[in-house]
Structures are given as structure tokens and as C-alpha cells.
Amino acid sequence: KDDAVITIPKGSYEVRDINEFLKRAILRKRPRCDALETVDVVGGDNNNNNNDSDDDALHFYNLWDSECATFEMTDILNIKDEPIFDDRIVKIETHTYNPFANTTFGYSDEIRIPIQQQDLYTLPYESFLYVEEKLTKNRAVEGANVALGNNCVAFIFDEIRYELNGVEIDCNRNVGITSTLKNYVTVSSDRSVILRNAGWDAQTIQAGYFNFCVPLYVLLVFCEDYRRVVINARHELILIRPRNYNNCLTGDPTTEPILELLKIQCRMPHVLLSEINKLAMLRALESRRYLSMAFRSWDLYEFPLLQSTTKHSWAIKTATQLEMPRYVIFALQTGRKNIMSEDTSRFDDCKLTNAKLYLNSECYPYDDLNLDFEKNRCAILYNLYARFCKGYGYEYLELNLTFTTFLRPGPFVIIDCSRQNESVKSGTVDVRLDLECKENVPANTTAYCLIIHDRVVQYNPLTNVVRKIT
């Protein structure tokens, strides 16, 4: 069991109140999987205090694992236990924030949605974008149709940035491809149903009006990994529009479709605390300490046009020790980018046979993949996907794709490089990807490499200083 520190605020207390505080604090830390048992008594000679109340002695508590036989006995005999009510949060209100009044929603325009008020406790993890759009067809062509594609809302933005006190802390470039790859490998089966309301795997939407609620954790990893409130800070969401809408529509371009963005809003929850917890937050402000926010950053790298050969060596980047890759997701796409008649959310195998990631001289994975899609020899890719789901770190993350459905959107090569030796960890590291195909790569093939690495940002709620550690 990992040790945990419980701090009792300074003050004068009855022993009974200390016992109750400790009991509640321990149960909050592990509310479901453990039982609470008194294992020792401190304060005086226990043999001579048989007539005293239990409330007059300070107890030591022990957490027992739920699989122990002692759990059932402890649970059914704990007749003095009281219900625990979490009253730290009084209310959570979702407030709507709009772009600046003079903002236009045309091609390549920049949309800024600010949250200027600073004396707030905001919860970006629960925030979402509300989008209203209209799809019209200028020409009626017999037998031709056009509709919104998969993950259509993400493809209507070319770049998304999140700023805290004027400092960029997270950025997503090529939002459509990045979020598509991310959703395919991380979205669980239950969450995929919820995200249909965000345009993911939704039913085909024909011409007309539509609206979506897109959680920001789908578009920005900061909002996915950091699940605590942000106090006394100015937030700003910056959205860059694409040059065209070919990637978010699927169908016949002869219909001359027009996609209009009518409204976009950011809905941000405000957390209202009880007086006691508000006082504790004020003490944290007075301490002038920096608060750390750790999350995983997703960086997409693109090789626009691969040469028509069977072997390729792609020098992706030179990384520092603090930006070392933890996972790498690789995919190929042929003849789909900016082509409305093709589905941009799908990828192609291009008869790939092997892929290796090199961090200096260390290669991942150690063995060759030996793929052959014509003979359906690609079980190793699904095994890498299954291992990734277990090691990525989410309790809710369950396998959403079966072996058959895993190949439908296109094969993904997921490389786990989270464990690295000291030679890789020291100094700068050259990140290189080598791939081999059974035949020459088809023309107009693009390679995508999504690198996941750790990032730590610190901010001072009192001075509004934000600094990026990694």
C-alpha cells in the first residue's frame, strides 16, 4: 500500500472530532475498494479505561483490501458508521463564453474566446464547445449527395490553442487528423456513444441545420488529463479555421456544398466552494507557491508525400530529455487529404510490412512486425493496440475495437517506448521512424506520426506567472 499524508488544520479540537476527521479523510482517499478498521488505541492505559467512551481515545486506522476475508467481517459489524456527505462543493455552474463581437467565421479566420474574470475556480476538464452550423447545396445533381463526415467538428478547425494568463500551455495542430487518431485508439466503448453528440461516428447528416456539443478533452489533452480546478487565472481559447471544408464533408463536390459556421461558444463550469474550503484555497494563494499541472502532450508530425519506394527512413525530430516520446502512433493515408469524395477519417495499409522507431540507436519494438495484409497477418498490430489500452493509464479505457473493426478505419502502428535506458534519457535524442512496404508506396501517400510525451506547466495564482517546465 502506498502511504498517504493527511494534514489536520491548525486549531483546538476534541479527540472525538479528530477521530471523525481521520475516518472521513481516509475514506475519501479510498472510498470504494477498502474497508476501515480500528487496529490500535492511543491515550492512556487501555486496561484501566474500560468504562470510558471510545470517543475519548485517539484511534489508529488501517485500510484492508477488499479481497481480504476480514473485509466482510469489518463491514457487517461496523454498526456505528455514519454516512459521508461531500459538502466541499456548494454548486457547479456552467457559464457561456462567446468570441469577440467583431469575430468573423470565414476561411482561415482566427476565433478567440476569452475568460477574462480571474477570481474564479474553473474546471476545464468538464468544459465543451457548442457549435451550430448549416450545410447547403448550391446545385441539385441527380444521384449525387453530400453529408458531414466522421469527426466533422474537429475538421472545421485547423489549429486550437489554449492559453493561461497569456501563455500557451497546450496546442493541437491539424486538429482533424490528431483527434481522429487519438479517438480511434483511446475512446472506450461507452464513451464512443456519448461522443456521437460531438460528431464522432455519428449517423450521416444530410444538408440542413445541425449542432454539436464537443468536450474539450476530445480536442485538447490538457483538458483530458488535468482534472482539477484552475484558480485565479485568465483563460483564452484560440481557434484557427481551415482554408476549405473538403476534409469535413464526404460526397460529390459537383453539388457545390457550402458549410456555414453560425455560432460557436465555450461552456466552462464554475465551481463554488463551501466557506471552509474557500478558506483553504485562500491559504494556498497566500503561500505564493506555484501549482503544477501535468498532462500528456500529443504532437502530430506529417510527411506530406512519400517517395514511391519500398523502404523509407523518416527523421521526425530531435527531442530533449524532457520531451521524450512515451508512445508513438503511426498511420498512412493515400489520396484522401482535401478530397471531398474520399473519407479523410480513414487510413490505408499501403501493404506495410514493418515499422520501427529509433531513439538514437535504441529501436522499438525489438522484433520485426512481419505484416502481410493480403494474408490477413496483422494480429500483432491489434496486440499492440490492446497493450496500449491497458498501459495508457485510464481506468475507464476498455477495448472499443474488435480485430475486425480495428482494420476498418485503417491499421495503426502503436509503439510503446515509455521504458527507456539511461543512454536515451541523457542529452538530446534523434527520433527516427523506419518503415518497409511490400510494394512501392502509392502516389499521393501521406505519413502521420503522433507522438505522446509528458508536459508539466506551473502557474502562480497570486502573481499570474505561468512557466512551462517541459
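Following the UniProt record's numbering, the numbering of the sequence shown begins with 1 at its first residue and continues without gaps. Glycine included, C-beta positions come from ideal geometry on N, C-alpha and C. Given the structure is predicted, the values throughout are model-derived calculations rather than measurements.
The continuous alpha helix (DSSP H) containing Phe403 extends over residues Phe403 to Leu407. DSSP places Val229 outside any alpha helix (DSSP H), giving it a letter other than H or E.
The beta carbon of Cys152 sits closer than 6 Å to the beta carbons of Gly199 and Cys248 from its chain, once the five residues preceding and following it are set aside; these are given in chain order. Taking C-beta atoms under 8 Å as the contact rule, Leu332 and Asp343 fail to qualify, at a distance of about 15 Å. Scanning the stretch 166-219 from its first residue to its last, the whole alpha helix (DSSP H) runs of 4-plus residues come out as 175-186, 189-194 and 216-219. Our two residues, Ile177 and Ser345, have alpha carbons roughly 7 Å apart in a direct line. When Cβ pairs closer than 8 Å are counted between the two stretches, the stretch 116-128 is seen to touch the stretch 268-280, the count reaching three or more. The distance from the Cβ of Leu164 to that of Trp298 is about 18 Å, inconsistent with a contact at the 8 Å cut-off.
Along the length of the stretch 332-397, whole beta strand (DSSP E) runs at least 3 residues long occupy 352-359 and 362-364, reported in chain order. Within the same chain, and ignoring the five residues on either side of Phe406 in sequence, the residues whose Cβ sits closer than 6 Å to its Cβ are Tyr382. In this chain, the beta strand (DSSP E) harbouring Val457 covers Thr445 to Tyr459. Listed in chain order, the alpha helix (DSSP H) elements of length 4 or more contained wholly in the stretch 92-137 amount to none. Here Glu439 carries a coil assignment [DSSP, helix/strand/coil]. The distance from the Cβ of Thr103 to that of Ile111 is about 6 Å, consistent with a contact at the 8 Å cut-off. Judged by DSSP secondary structure, Cys266 falls within the beta strand (DSSP E) whose first and last residues are Pro257 to Leu273. Less than 8 Å divides the Cβ of Leu219 from the Cβ of Ile160. Proximity to Val90 across Glu142, Arg241 and Lys278 peaks at Lys278, based on C-alpha coordinates.
In terms of CA proximity to Leu401, Asp201 leads the group Ala319, Val431, Glu439 and Asp201. Boundaries of the alpha helix (DSSP H) harbouring Val153: Cys152 to Phe155, taken from the DSSP string. The Cβ atoms of Val429 and Leu369 lie no closer than 8 Å to each other. Put simply, the stretch 136-154 touches the stretch 244-261. At least three CB pairs are less than 8 Å apart. For Asn78 and Leu22, the gap between their C-alpha atoms comes out near 16 Å. Listed in chain order, the non-local C-beta contacts of Val167 below 7 Å within the same chain comprise Val466, local neighbours out to five positions each way being set aside. When the beta-carbon positions are compared, Tyr290 and Cys417 stay at least 8 Å from each other.
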